[in-house]
Amino acid sequence: MRYTVVLDAPTAAAQRVEQGSLTYINKGQYYNLALTDTVKEDCLMETVIRIMFHEKAHRRLASTYWSHWLGQQASPNTARAIEINFDRVRVRWYGQKGATVQLRLNCLSTEFTRVKGVKGIPMRIYTETRVVYEDADGNAIAVSPGMAEASPERAFAAVKLFRDKGAERKNKDDMRHREKLMLRMRGK
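As structure tokens, then:
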């Protein structure tokens, strides 16, 4: 992969083999997303950052989940799941310098379901990065299909969103659970 995209938050301690990695983050807290071009080419890059549901079945019903979430907000007219009005943002940056984008999500994983006491729905921070070519006047032009960078590189981080300090608590609880499990396994 040419680009590295790193979410500045610890990966959850307890992972299920069949699920892949998951990161716990807190609602309303800023997290850095570092963008790097491993080639360090002196050209313009473009990354589209989206917040979306992690599981395919949830993505198919995204509008239903977002409508449900919006209906629970105190001020539905001004409520925002992220600090912009939409579910994505486009960032342009230079390959030699890299970039850091601060993200702040304003929703909880549990706000997308009507059933109380159920684990929250995991989200994903999804990125698509590509080189942006410029014409002689310095205007960005679309990449033609014959060029090497015609299709963007994609990456994502699966996340669960918690209330204040909830991500830290969940990580600590998971670590304690793993330690107890290891002690039991050694004892047998």
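Residue numbering for the sequence shown follows full-length UniProt numbering, starting at 1 and increasing by one per position.
Here a beta-carbon is modelled for each residue, glycine too, at the ideal position from N, C-alpha and C.
Cβ neighbour criterion (16 or more within 10 Å) applied to residue i
| i | result |
| --- | --- |
| lysine 160 | buried |
| tyrosine 30 | exposed |
| glycine 138 | exposed |
| glycine 95 | buried |
| alanine 9 | buried |
| leucine 181 | exposed |
Nearest-angstrom Cα separation, counted from residue j out to residue i
| i | j | result |
| --- | --- | --- |
| histidine 177 | leucine 61 | 33 Å |
| tryptophan 66 | aspartate 164 | 21 Å |
| arginine 124 | arginine 59 | 10 Å |
| arginine 154 | alanine 99 | 17 Å |
| proline 145 | valine 48 | Any answer about proline 145 is weak, because its pLDDT of 48 lies below 50 and its placement is not dependable; what the coordinates show is given next. Cα to Cα, proline 145 sits roughly 19 Å from valine 48. |
| glutamate 46 | glutamate 179 | 43 Å |
| tyrosine 133 | cysteine 43 | 8 Å |
| isoleucine 51 | tyrosine 3 | 19 Å |
| lysine 172 | threonine 11 | 12 Å |
| valine 101 | threonine 127 | 12 Å |
| valine 91 | leucine 35 | 10 Å |
| serine 75 | asparagine 26 | 21 Å |
| lysine 97 | alanine 167 | 31 Å |
| leucine 103 | valine 89 | 10 Å |
| lysine 116 | glycine 20 | 25 Å |
| lysine 170 | phenylalanine 162 | 9 Å |
Residue from the options whose Cα sits closest to the Cα of residue i
| i | options | result |
| --- | --- | --- |
| aspartate 87 | Arg184, Leu105, Pro122, Tyr94 | Leu105 |
| glycine 120 | Tyr24, Gly20, Tyr126, Thr11 | Tyr24 |
| threonine 129 | Ala136, Trp93, Phe162, Leu103 | Trp93 |
| glycine 71 | Leu103, Asp8, Cys107, Leu7 | Cys107 |
| alanine 13 | Met1, Phe156, Leu22 | Leu22 |
DSSP-derived helix/strand/coil call for residue i
| i | result |
| --- | --- |
| serine 144 | Note that serine 144 scores 48 on pLDDT, short of 50, meaning its location in the model is unreliable; the coordinates nonetheless yield the value given after this. Three-state result, serine 144: coil. |
| glutamine 72 | helix |
| glycine 92 | Glycine is not the amino acid found at residue 92; the sequence shown has arginine there. It is a strand residue. |
| lysine 172 | helix |
| alanine 13 | coil |
| threonine 38 | coil |
Practice task
Decide if the stretch 30-42 is in contact with the stretch 107-123; the criterion is three or more beta carbon pairs, one per stretch, under 8 Å apart.
Solution key: No, because fewer than three Cβ pairs between the stretch 30-42 and the stretch 107-123 fall closer than 8 Å, the two stretches do not touch.
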